[in-house]
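As structure tokens, then:
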């Protein structure tokens, strides 16, 4: 599955202007923000991610794309401090998919599930004031349906579930 260079969705006006923020990484491991003409830290890059800014990180020497590497550094810092998001078992499972025929499909499944969870979180925040219990039930149902639907599509593309996941029986559609 091809990956995009861009890390976030920009507002339509910024997209039209082609305003991707460029950060340069120097051999001394410092990051330089070409927009503000100043050096920044990983905490500053994390803030860009949280605010939804579109950016890319380039090697100052050869121009290669280092965006994923910087994002992984931020995740490593987050996982090292406080309460980690990923269990040891989950990280082990992710590692096991590298080099496996399902590597690309699992990346797509994880990405779709994260998008669905983010949509669910946004909808829940909007609807929580009116009827929190009904909102949560509806959103969870939508999330589960999206996950099931995406898994079924992946299954159709990759072949029978038994070949990929021995012993797995897909759930029946409700109704």
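Numbering (the numbering used here), first residue to last: 175 to 349. Glycine residues also receive a C-beta, built at the ideal position from the N, C-alpha and C atoms. Every value quoted in this text rests on a predicted model; they were computed, and no experiment measured them.
Check, Outcome
"Presumed contact (8 Å Cβ cut-off) between residue 259 and residue 253, rounded CB distance", "7 Å"
"Counted within 10 angstroms of its Cβ, other Cβ atoms place residue 262 as buried (16 or more) or exposed", "exposed"
"Entirely enclosed alpha helix (DSSP H) segments - the stretch 231–311, minimum 4 residues", "241–254, 262–271, 277–301"
"Paired residues, beta bridge with residue 207 - DSSP", "197, 212"
"Cβ neighbour criterion (16 or more within 10 Å) applied to residue 275", "exposed"
"Classification of residue 235 by the beta-carbon crowding that lies within 10 angstroms, buried from 16 upward", "exposed"
"Pairwise C-alpha distance: residue 305 and residue 324", "28 Å"
"Straight-line gap, residue 278 to residue 297 (C-alpha atoms, nearest Å)", "29 Å"
"Rounded C-alpha distance that separates residue 290 from residue 283", "11 Å"
"Pick from 208, 280, 203, 255 that is closest to residue 327, judged by C-alpha positions", "280"
"Own chain, CB closer than 8 Å to residue 216, minus 5 neighbours either side, in chain order", "205, 244, 247, 248, 251"
"Residue-chain proximity (residue 295, chain C), Cβ-Cβ < 9 Å", "Of the chains in the structure shown, none is chain C; there is only one protein chain."
"Cutoff 7 Å; reference residue 220; Cβ partners in own chain excluding five residues on either side", "248"
"Residue 275 Cβ short of 8 Å to the ligand NAP heavy atom set", "Here there are no bound small molecules, and the ligand NAP is not part of this structure."
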